Amino acid sequence: MAEQNTSDDRPVVLIHQIRGYDLSVNSWLPQFRLLDPFGPSFSSPEAQAQAQSVRVLLCVGPSPLTSDTLDRYPSVECVVGSSAGVDHIDLAACRHRGITVTNASDAFSEDAADYAVGLLMDVLRRVSASDRYVRSGSWLVKGAYPLGSKVISVFSFHSLLTAK
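Going by the working numbering, the sequence shown opens with residue 1297, and the numbers climb by one from there.
Now the structure itself:
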């Protein structure tokens, strides 16, 4: 884990993770000063001072974030989880301290993209509507249900469409 100890204007982010969990953060270094409690210089006075004043804590993967951990970092205002859920974060402790909790996971981006395209196809091709039409017996009275001659143009789903 890379660690930056320069005095500059980049926000300081504390990386909270299970020892040995590999998180690639090199792309973050231009925007943030990262503090890693498992890093070699975390015990330095400068790093400890930064840890006491850190406002954002990145909770990596399933790393449990407890009230005791939050006690060590009294200035934390925001906890960002990198996983799909927040069940490993003590939400009551965060709420009690007025800490905002959010997650920024892309764990299900590929599934969400697939599902979004599937729903789009369903609506545009009226697959569910035609299923209801057939099941209700309407086809016996009203005839066949037209499914063809539809055009799809996907213009922007941003991160959903870029999921691999």
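All C-beta atoms in this analysis are idealised placements derived from N, C-alpha and C, irrespective of residue type, glycine included. In this text the structure is predicted, and so the values were computed from the model without any measurement.
Terminal residues of the continuous beta strand (DSSP E) containing V1376?
-> Residue numbering aside, residue 1376 sits at position 80 when the sequence shown is read from its first letter. Here the beta strand (DSSP E) through V1376 covers 1374-1377.
Quick one: what's got a C-beta closer than 8 Å to R1351's C-beta in the same chain, skipping five residues either side?
-> The residue labelled residue 1351 in the question sits at position 55 within the sequence shown. These residues qualify, in order along the chain: P1307, V1308, S1371, V1372, E1373, C1374.
Taking just the CA atoms, how far does R1422 sit from V1382?
-> Residue numbering aside, residue 1382 sits at position 86 when the sequence shown is read from its first letter. Residue numbering aside, residue 1422 sits at position 126 when the sequence shown is read from its first letter. In a straight line, the C-alpha of V1382 is about 37 Å away from that of R1422.
Could you check where the alpha helix (DSSP H) with H1392 kicks off and where it finishes?
-> Locating residue 1392 in the sequence shown gives position 96, counting from the first residue. Its alpha helix (DSSP H) spans residues 1387-1393.
Between T1302 and G1377, what straight-line distance do the alpha-carbon atoms span, to the nearest angstrom?
-> Taking the sequence shown and counting its residues from 1, one reaches residue 1302 at position 6. Taking the sequence shown and counting its residues from 1, one reaches residue 1377 at position 81. Confidence in T1302 is poor, its pLDDT being 47 and thus under 50, which makes the residue's placement unreliable; the coordinate value appears in the next sentence. Distance between the alpha carbons of T1302 and G1377: 25 Å.
Roughly how many angstroms lie between the CA atoms of D1386 and S1424, to the nearest whole one?
-> Here residue 1386 refers to the residue found at position 90 of the sequence shown. Here residue 1424 refers to the residue found at position 128 of the sequence shown. When rounded, the distance between both Cα atoms is 41 Å.
Helix, strand or coil: which one does DSSP assign to T1396?
-> Within the sequence shown, the letter at position 100 stands for residue 1396. Strand at T1396.
Residue range of the alpha helix (DSSP H) that L1416 falls in?
-> Sequence index remark: in the sequence shown, residue 1416 carries index 120 (1-based). Counting along the chain, the alpha helix (DSSP H) containing L1416 begins and ends at 1405-1421.
Inter-residue CB distance, Q1313 and S1379 (contact presumed, cutoff 8 Å) = Locating residue 1313 in the sequence shown gives position 17, where the first residue counts as 1. Locating residue 1379 in the sequence shown gives position 83, where the first residue counts as 1. At roughly 11 Å, the Cβ-Cβ gap does not stay under 8 Å, so Q1313 and S1379 are not in contact.
For the candidate residues G1335, R1315, T1362, D1305, whose alpha-carbon lies nearest to that of P1326?
-> On the sequence shown, residue 1326 is found 30 positions in, with the first residue counted as 1. Residue D1305 is the option with its Cα nearest to P1326.
Helix, strand or coil at P1309 according to DSSP, with G and I counted as helix | Within the sequence shown, numbered from 1, the residue matching residue 1309 stands at position 13. The sequence given here places Val at residue 1309; Pro does not occur at that position. It is a strand residue.
With 16 other Cβ atoms within 10 Å as the buried cut-off, status of T1398 = Translated into the one-based positions of the sequence shown, residue 1398 becomes position 102. Burial call: exposed.
Just the Cα atoms here: how many angstroms apart are A1343 and G1414?
-> The residue you call residue 1343 lines up with position 47 of the sequence shown. The residue you call residue 1414 lines up with position 118 of the sequence shown. A1343 and G1414: Cα-Cα distance of roughly 49 Å.
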